[in-house]
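Peer 1:
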Amino acid sequence: MRIKSVGRGMVHLLHEFCLEHQFISPVKRNYAIDELISFEKWLKMLGAVQDQYQKPGLGIELGKRIQQSHIGISSYIAQSCETFIQFLEYANRYNRIWYNFMLREIEVTDQYLIVHWDKPAYLNVGLYSTETAISEELQISILFKRVEQMIGHQVFFEKLELTMKKPANTRLYEDYFKCPISFESDKTSLYFSKSMMNVKLSKPDPLLIEILTPQANKLLNDIPTQYQFIERVNQLIVLSISKNNPQIEFVADQLNMNVRTLQIELKKYDLTFKVLLSKIRHKLALKYLSDADLSLMDIAFLLSYKEQASFNRAFRSWCDLSPSEWRKLNDNN
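Take the sequence shown: its letters are residues 1 to 333, numbered as in full-length UniProt numbering.
(1) Between residue 133 and residue 162, what straight-line distance do the alpha-carbon atoms span, to the nearest angstrom?
(2) Quick check: the stretch 81-100 against the stretch 213-220, are there 3 or more CB pairs under 8 Å?
(3) So, is residue 139 buried or exposed, given that buried needs 16 or more other C-beta atoms within 10 angstroms?
(4) Starting from the Cα of residue 128, find the closest Cα among 99, 105, 288, 298 and give me that residue.
(5) Going by DSSP, name the residue or residues bridged to residue 318.
(6) Assign residue 110 to one of three DSSP states: helix, strand, or coil.
(7) Under 8 Å: do the stretch 70-90 and the stretch 145-159 share three or more Cβ pairs, one atom per stretch?
(8) Please determine, among 201, 114, 145, 77, the residue with the shortest C-alpha to C-alpha distance to residue 158.
(9) Tell me, to the nearest whole angstrom, how far the beta carbon of residue 197 is from that of residue 155; I am working on the premise that it is less than 8 Å.
(10) What is the DSSP secondary structure of residue 330, counted as helix, strand or coil?
(11) Among residues of its own chain, excluding the 5 on either side of residue 252, which ones have a beta-carbon nearer than 8 Å to its beta-carbon?
(12) Looking at C-beta atoms only, is the number of pairs between the stretch 276-291 and the stretch 308-319 that lie closer than 8 Å three or more?
(13) From residue 67 to residue 229, what distance separates their C-alpha atoms?
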């Protein structure tokens, strides 16, 4: 099951960046035009490039290079809109075709036009922190560049609220986006002036929108729809582990549904609570085992096992190794 994904255009963008900088590209094959790449694989690709780039701001640099071909059909639809608010609405509607990450929402207040999305579940426990920060930078940098391309001049955010850890050099971000930025927020939020809503775009084309929309809708409908619900369940499982209460009753209560209803909903996606809990514990276990300061007993506690022996049995079922054997093997590597 693929929970999140990116389109092949993003992979091409990363590959082109590697060629430009003479890096070893993590992209090892050509992808079909409609092929989706799992988000976890995408994060690993970003991590592989960051290991060679060795500087902050990789997401910004990638976003500077964005072209319509990297985004595909949703880019042509968005560029054909008449006003800025229409562009945001279409961009949000079809974003999943090429960058299927967290669900984006638009909010209008007395002062601001805001685009925001939630923090992913794994970031709450420190998984893929660096790679997710690059992804967050990239999405904002792409929107920043696309607005400039469509309006014909730079349009600045009023402010940004990012979920990424505060970097050592905040000036890099403030100088590029030219606005106040806060870090380690609960959600990613991009603030535009409300006066931007009715700003005219440079190349409106209602006929092109009419022609392309049915095809975009078909692509969107071909993507499974479980992402938002499963992501929410994953977030609550992480919370349940942190509260030492990894039980389906806790998660169901947080969702305001009974246990049976939650089981039925998960079954629609060929999932069970036990499977999701096990996957999250597995990923967390690998992260914690990489920290030499944590004992096996500490890790068992962090994963909310009642005793270390239970953790040992679970880990062996995942990796065919005991936790201590896995740690020793990876220390040697």
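Yeah, the Cβ is synthetic: ideal placement off N, Cα and C, and Gly gets one too. Computed from a prediction, not measured in an experiment: that's the story for all the values here.
Peer 2: Reading it off the structure:
(1) 9 Å
(2) yes
(3) buried
(4) 288
(5) The partner list for residue 318 (beta bridge, DSSP) is empty, contrary to what the question assumes.
(6) coil
(7) yes
(8) 114
(9) Wrong, their Cβ atoms sit about 12 Å apart, outside the cutoff.
(10) helix
(11) 258, 259, 261, 262
(12) yes
(13) 32 Å
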